[in-house]
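Q:
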Amino acid sequence: MSSQEVQEKVIGIIADQLGVDANTITRDTDIANDLGADSLDFAELMIVFEEKFDIDIVEEDAQNITTVGQVIDNIEKQINSK
Amino acid sequence: MPKRVVVTGVGLVTPLGCRVEEVWKRLCAGESGVRAITEEALSVFRTKVAGLCDDFVPEDYVSVKDTRKLDRFTLFALASAVDAVRASGLDFSKEDPFRCGVITGCGVGGLGEITRQQDRLRGMGPGKISPYTIPKIMANAAPGQIAIHYGIHGSTYSIATACASANSAMSESFRAIRLGEADVVITGGTESAVTELGLSGFCAMRALSERETPPETASCPFDIKRDGFVIGEGAGILVFEELQHAQKRDAPILGEVLGYGATTDASHITQPDAEGIYPAEAMKAALRCASLAPEDLDYINLHGTATKLGDLAETSAIKRALGEYAYKIPMSSTKSHIGHLLGGSGGPEAIFSLLTIRDGIAPPTINLTEPDPACDLDYIPLEARPIKARRVMSNSFGFGGHNVCVIFGQYR
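Line order of the protein sequences matches chains U and R. Residue numbers for the first sequence, in numbering that gives the first Met the number 0: 0 to 81. Residue numbers for the second sequence, in numbering that gives the first Met the number 0: 0 to 411.
#1: Can the beta-carbon of R/V33 be found less than 7 Å from the beta-carbon of R/C99?
#2: Run through the DSSP bridge pairs and tell me what R/M392 is partnered with.
#3: Kindly indicate if chain U contains any beta-carbon less than 7 Å away from that of R/P57.
#4: Any idea what DSSP makes of R/G345, helix, strand or coil?
#5: Report all residues from its chain with a CB closer than 7 Å to the CB of R/A281; omit the five preceding and five following residues, and keep chain order.
#6: So, for R/V0: in the same chain, excluding its five sequence neighbours on each side, which residues have a beta-carbon less than 7 Å away from its beta-carbon?
#7: When you check each C-beta in the segment 51-85 of chain R against every C-beta of chain U, which residues fall closer than 9 Å?
#8: Along chain U, in chain order, which residues have C-beta atoms closer than 8 Å to that of R/K127?
#9: Is U/E59 helix, strand or coil by DSSP?
#10: What in chain U is Cβ-close to R/Y131, meaning under 8 Å?
#11: Just how far apart, CA to CA, sit U/E49 and U/V70?
#12: Within 7 Å (strictly less), CB to CB, does U/G18 reach chain R?
#13: Rank R/Q144, R/E58, R/T13 and R/S199 by C-alpha distance to the C-alpha of R/G111 and give the top, closest one.
#14: In whole angstroms, what is the alpha-carbon distance linking R/H302 and R/S218?
#15: Output needed for R/H336: all residues of its chain with C-beta closer than 7 Å, excluding positions within five of it in sequence on either side, in chain order.
#16: Please go through the same chain and pick out, in chain order, the residues whose beta-carbon is closer than 6 Å to the beta-carbon of R/Y324, but skip the five residues on each side of it.
#17: Do you know whose CA, among U/M0, U/I24 and U/S1, lies nearest U/G11's CA?
#18: What three-state label does DSSP hand R/S332 in the structure shown?
#19: Around the Cβ of U/S38, are there at least 16 other Cβ atoms within 10 angstroms (buried) or fewer (exposed)?
#20: Taking only the alpha-carbon atoms, compute the straight-line gap between R/R357 and R/E240 and give it to the nearest angstrom.
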């Protein structure tokens, strides 16, 4: 999966889960502050990413994620190391 | 001086539809909302029919995002509340939010979600459980979400008395307004238990009808062929309001809440007492609360689930409570049309009771073609009947032995 594909898929999932327009989401978008996700929305998002990409986002990593770009980087790193 | 309590708006989600006037029309026309169970996961049980709310579109009421965070029973309640509040004309931004409340009934809560997450837990491990699980399955999610929707800050809670839950909720709501503790209470009941766990549990009790018959004829209260209830899902929500509060804002008044009575069998956790002693006491208590004599009642919306014992017990109870007048008063079970909505059932039944008063027509007990000789009252078989209904009683009895009767009256 190319970097571009990962980014598109991540943004698509976030847009769907949080009910926001995908065109407003960039790598710099803050999931909580910009998109209004609460702690439950955030935890659910991580589970959906894990399922859709068949990966595990470890708790320590998840705690440090705030932006969409950080999600993409985490997922890419895991896909590439498979 | 106790305050008077009126109903200023109603909304429902039922197997016969989700719009009050349409459901009412279909009910009086003798239609059934029961259908064959075609869902694969639900078709392995002994019972083959259910009352399902196929017309319900949650996205008409909440965002797609929120439909994932709310279990079906909460969506039913919220949608019904939105319709009820719209009908009442209430604008909560103009109300004292601490004088408004939400008290709704629900037997279990998010039964479907419990099973879904349990499957994930067993299949995928604890890390894959949705963080929405607990806020979705809790029975009080319904009043909680309704309160959030309207910014209501007074007393809100959920009551669980199984199939009497909605009537219990309406009783408490009536009391809160009557005692001056609240001006407006959103009340009623909701349930969504037509799930694998719900169906299998009730089947294991042999509580559900297993007859092989066209689905629309399966629910046959007081008929000799009855062999259990038909499970249904849905909600009925009502806006209870203090009379002067309603008058001040020129609210539409559908009817008045006159009283309630509640007792408990305290004998068996599920089996009703065949003599009907305690439900009779609940009816008598409701009459006392409303300062009425038996003859003042014009119609009863029955609990009438179509279980062998339950219908007999209710028949006995009515005779005990009303004496000779029991043979004169017309009554019907609307569960014959939509099945048994469990903790939600009292909600639509209260609404049907109020519409009986409004329109002077009592819906029939459909499928009552061969009356059980032991059930010898006037159940309005097969066809709706014009009646002058000034005061009506709605009965609900629940597992746990809860008997709750609510009396509604014409407003004047």
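We treat Cβ as the ideally placed atom computed from N, Cα and C, and that holds for glycine. Note that the coordinates shown come from a computational prediction; the quantities given were computed from them, not determined experimentally.
A: Straight from the coordinates:
#1: On the second sequence, residue 33 of chain R is found 34 positions in, with the first residue counted as 1. On the second sequence, residue 99 of chain R is found 100 positions in, with the first residue counted as 1. Contact: no.
#2: Counted from its first residue, the second sequence places residue 392 of chain R at position 393. Among the bridge pairs identified by DSSP, R/M392 is matched with R/I299 and R/I406.
#3: Here residue 57 of chain R is taken as the residue at index 58 of the second sequence, counted from 1. No, its Cβ sits nowhere closer than 7 Å to a Cβ of chain U.
#4: For this step, residue 345 of chain R is matched to residue 346 along the second sequence. Correct three-state label for R/G345: helix.
#5: For the purposes of this step, residue 281 of chain R is identified with residue 282 of the second sequence, where counting begins at 1. The residues are G260, A261, T262, N402, V403 and C404.
#6: Here residue 0 of chain R corresponds to residue number 1 of the second sequence, with the count starting at 1. Position check: residue 0 of chain R holds Met in this sequence, whereas Val was assumed. Nothing meets the Cβ criterion.
#7: Among the residues of the segment 51-85 of chain R, those with a Cβ less than 9 Å away from any Cβ of chain U are S62, V63, K64, D65, R67 and K68, in the order of the chain.
#8: Translated into the one-based positions of the second sequence, residue 127 of chain R becomes position 128. Here the neighbours are I46, E49 and E50.
#9: By one-based count along the first sequence, residue 59 of chain U stands at place 60. Correct three-state label for U/E59: helix.
#10: Along the second sequence, read from residue 1 onward, the residue named residue 131 of chain R stands at position 132. In chain order: L39 and E43.
#11: Translated into the one-based positions of the first sequence, residue 49 of chain U becomes position 50. Translated into the one-based positions of the first sequence, residue 70 of chain U becomes position 71. Going by the C-alpha atoms only, they are around 11 Å apart.
#12: The residue you call residue 18 of chain U lines up with position 19 of the first sequence. Yes, because at least one Cβ of chain R sits closer than 7 Å to the Cβ of U/G18.
#13: Counting from 1 along the second sequence, the entry for residue 111 of chain R is found at position 112. For R/G111, the closest alpha carbon among the candidates R/Q144, R/E58, R/T13 and R/S199 is that of R/S199.
#14: Residue 302 of chain R sits at position 303 when you count from the first residue of the second sequence. Residue 218 of chain R sits at position 219 when you count from the first residue of the second sequence. Near 13 Å, if we compare the C-alpha coordinates of R/S218 and R/H302.
#15: Along the second sequence, one-based indexing puts residue 336 of chain R at 337. Residues L15, L26, E30, S31, G32 and I365 of the same chain have their beta carbon placed closer than 7 Å to that of R/H336, with the five preceding and five following residues left out of the count.
#16: Start at 1 with the first residue of the second sequence, and residue 324 of chain R comes out as number 325. The answer, listed in chain order, is P293 and E294.
#17: In the first sequence, residue 11 of chain U corresponds to position 12, counting from 1. It is U/I24.
#18: The sequence position of residue 332 of chain R within the second sequence is 333, counting from 1. Reduced to three states, the DSSP call for R/S332 is coil.
#19: Walking along the first sequence from the start, residue 38 of chain U turns up at place 39. With fewer than 16 Cβ atoms within 10 Å of its Cβ, U/S38 is classed as exposed.
#20: Numbered from 1 along the second sequence, position 358 holds the residue referred to as residue 357 of chain R. Numbered from 1 along the second sequence, position 241 holds the residue referred to as residue 240 of chain R. Taking C-alpha positions only, R/R357 is separated from R/E240 by approximately 18 Å.
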